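Colleague: The numbering of the sequence shown is this note's numbering, which starts it at 97 and goes up by one. Even glycine gets a Cβ: it sits at the ideal position worked out from N, Cα and C. Given the structure is predicted, the values throughout are model-derived calculations rather than measurements. Quick one: the structure is below, questions incoming.
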Amino acid sequence: MKKNTKAIAVVAKDFPASDLLYSQFVAKEFGLKLYIKNATIEDLMYSIEETIKILKNFNHIEIRNSIVLYLVIKTAKENGCTSIITGDGCDELFAGYSFFLRKKSTELQKDLERIWKIMHFPTQQIGLALGVGIESPFLNEKVSNYAKSIPVDLKVHEENDKKYGKWVLRKAFEHIIPQSIAWRDKSPMQDGSGTNSLTTFFENSIKDETFESKAKLYLEKDKVKLNSKESLYYYEFYRKYFDPPYLLGSSKYRCPECQGEIESDSHFCRMCGSFPV
Numbered sequence: 097m098k099k100n101t102k103a104i105a106v107v108a109k110d111f112p113a114s115d116l117l118y119s120q121f122v123a124k125e126f127g128l129k130l131y132i133k134n135a136t137i138e139d140l141m142y143s144i145e146e147t148i149k150i151l152k153n154f155n156h157i158e159i160r161n162s163i164v165l166y167l168v169i170k171t172a173k174e175n176g177c178t179s180i181i182t183g184d185g186c187d188e189l190f191a192g193y194s195f196f197l198r199k200k201s202t203e204l205q206k207d208l209e210r211i212w213k214i215m216h217f218p219t220q221q222i223g224l225a226l227g228v229g230i231e232s233p234f235l236n237e238k239v240s241n242y243a244k245s246i247p248v249d250l251k252v253h254e255e256n257d258k259k260y261g262k263w264v265l266r267k268a269f270e271h272i273i274p275q276s277i278a279w280r281d282k283s284p285m286q287d288g289s290g291t292n293s294l295t296t297f298f299e300n301s302i303k304d305e306t307f308e309s310k311a312k313l314y315l316e317k318d319k320v321k322l323n324s325k326e327s328l329y330y331y332e333f334y335r336k337y338f339d340p341p342y343l344l345g346s347s348k349y350r351c352p353e354c355q356g357e358i359e360s361d362s363h364f365c366r367m368c369g370s371f372p373v
């Protein structure tokens, strides 16, 4: 690893975040210069609007995760970085997500192949918008093709009587990186950073009667069903810049919740985050 390599961690200042200790441990282990962005509520609110402008959706799951990416890339730029390296594609190629652990081999292979066709990574869009280059080694064509050829029973596998995703990758690096990192349970970005607490934050911040009246209005006016106060908050920023989803695109395949376009074989709506559709 090159000298002067920088690392960046984003944690929500006012919410529980599990990534801080791990990032500090890794930085110390490998001699990295660690920049920690303790994101205030104001930082998060600003990032929400900017991220929605870039991604052009109000998908609560994607926004919750992508504001972390936005803050990482913004912090990198502020500290003199012109490009960053990300782990995009790792969980999709090596079956890293927790829900993969419950699947049998044949079902897992089919799910992975479906995901490979539709996987996308907001990092590229955000990096382009902020003028920072994004390098994603797992998405290199040779790496990606090789990963796809690895049998699924080497991706989801038991180690010390516990089932893990990304098993073969963990095994390959367990003697290079600390055991507590190599065999750490999968933690979504929103959990590690603390932005998963935004759901409760909006639930407590927006009055019930306000949510009910606005949800009714947008259902009648825009044909969008909003199921949470968090989704309402994101949708209002979305509508500040973009038309209702039902007016966009020409596909006959539409999400029943927001009327946004979906792929014919997709189980997920990227526009609003509904699953399954």
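1) From Leu165, Gln120 and Leu130, pick the residue whose C-alpha is nearest to that of Lys102; which is it?
2) Is the Cβ-Cβ distance between Thr295 and Ser232 less than 7 Å?
3) Out of Lys170, Asn300, Asn292 and Arg335, which one is the CA nearest neighbour of Leu313?
4) Let's see if you can read the secondary structure: which residues bound the beta strand (DSSP E) around Asn241?
5) Considering only C-alpha positions, which residue in the set Ser240, Leu265, Lys325 and Leu226 is nearest to Glu305?
6) Smallest Cα separation from Ile92: which of Ala123, Lys109, Gln220 and Ile104?
7) In this structure, what does DSSP give as the bridge partners for His253?
8) For Asn236 and Gly185, what's the separation of their Cα atoms in angstroms?
9) Measure from the alpha carbon of Pro247 to the alpha carbon of each residue in Leu208, Met215 and Lys258, then state which is nearest.
10) Pick helix, strand or coil for Gly223, following the three-state DSSP scheme.
11) Under 7 Å between the Cβ atoms of Ile222 and Thr171?
12) What span of residues does the beta strand (DSSP E) with Val107 cover, start to end?
13) Decide if Gly176 is buried, meaning its Cβ has at least 16 other Cβ atoms within 10 Å, or exposed.
14) What are the boundary residues of the beta strand (DSSP E) that Asn153 is part of?
15) What are the start and end residues of the beta strand (DSSP E) that includes Leu128?
16) What first and last residue would you give for the alpha helix (DSSP H) that runs through Ser309?
17) State yes or no: is the C-beta of Ile169 within less than 7 Å of the C-beta of Leu226?
18) Note down the Cα distance separating Phe121 from Ala268, rounded to an integer number of angstroms.
19) Excluding sequence positions up to five away, which residues of its chain have a Cβ less than 6 Å from the Cβ of Pro341?
20) Of the choices Val228, Ser309, His253 and Leu151, whose alpha-carbon is the least far from that of Ser194?
21) Is the region 103 to 118 close to the region 134 to 142, with three or more CB pairs under 8 Å?
22) Give me the Cα-Cα distance between Ala243 and Leu189, rounded to the nearest whole angstrom.
23) At which residues does the alpha helix (DSSP H) containing Glu203 begin and terminate?
24) According to DSSP, what are the bridge partners of Ala135?
25) Identify every run of the alpha helix (DSSP H) within the region 263 to 305, keeping only runs that are complete inside it and at least 4 residues long; order them along the chain.
26) Check whether the Cβ atoms of Ile230 and Thr219 sit closer than 7 Å, and answer yes or no.
27) Return yes when the Cβ of Ser114 is within less than 7 Å of the Cβ of Gly345, no when it is not.
28) Starting from the Cα of Ile302, find the closest Cα among Leu322, Met285 and Leu328 and give me that residue.
Modeller: According to the structure data:
1) Ranking Leu165, Gln120 and Leu130 by Cα distance to Lys102 puts Leu130 first.
2) no
3) Arg335
4) First-last for Asn241: Glu237 to Ser245, but that is the alpha helix (DSSP H), not the beta strand (DSSP E).
5) The residue with the shortest Cα to Cα distance from Glu305 is Lys325.
6) The structure shown does not extend to residue 92, since the chain is modelled only from 97 to 373, so the question has no answer here.
7) Paired residue(s): Tyr260.
8) 10 Å
9) Scanning Leu208, Met215 and Lys258 for the CA closest to the CA of Pro247 turns up Leu208.
10) helix
11) Not a contact, by the Cβ cut-off of 7 Å.
12) Its beta strand (DSSP E) spans residues Lys102 to Ala108.
13) exposed
14) For Asn153, no beta strand (DSSP E) run applies, since DSSP gives it neither H nor E.
15) Taken as a continuous stretch (DSSP letters only), Leu128 belongs to no beta strand (DSSP E), as it is neither H nor E.
16) Counting along the chain, the unbroken alpha helix (DSSP H) around Ser309 starts and ends at Asp304 to Asp318.
17) yes
18) 20 Å
19) Cys354, Gln355, Gly356 and Met367
20) His253
21) yes
22) 6 Å
23) Its alpha helix (DSSP H) spans residues Ser201 to Ile214.
24) Beta-bridge pairing links Ala135 to Ala108.
25) The region 263 to 305 contains these whole alpha helix (DSSP H) runs: 263 to 269, 275 to 278, 285 to 289 and 294 to 301.
26) yes
27) no
28) Leu328
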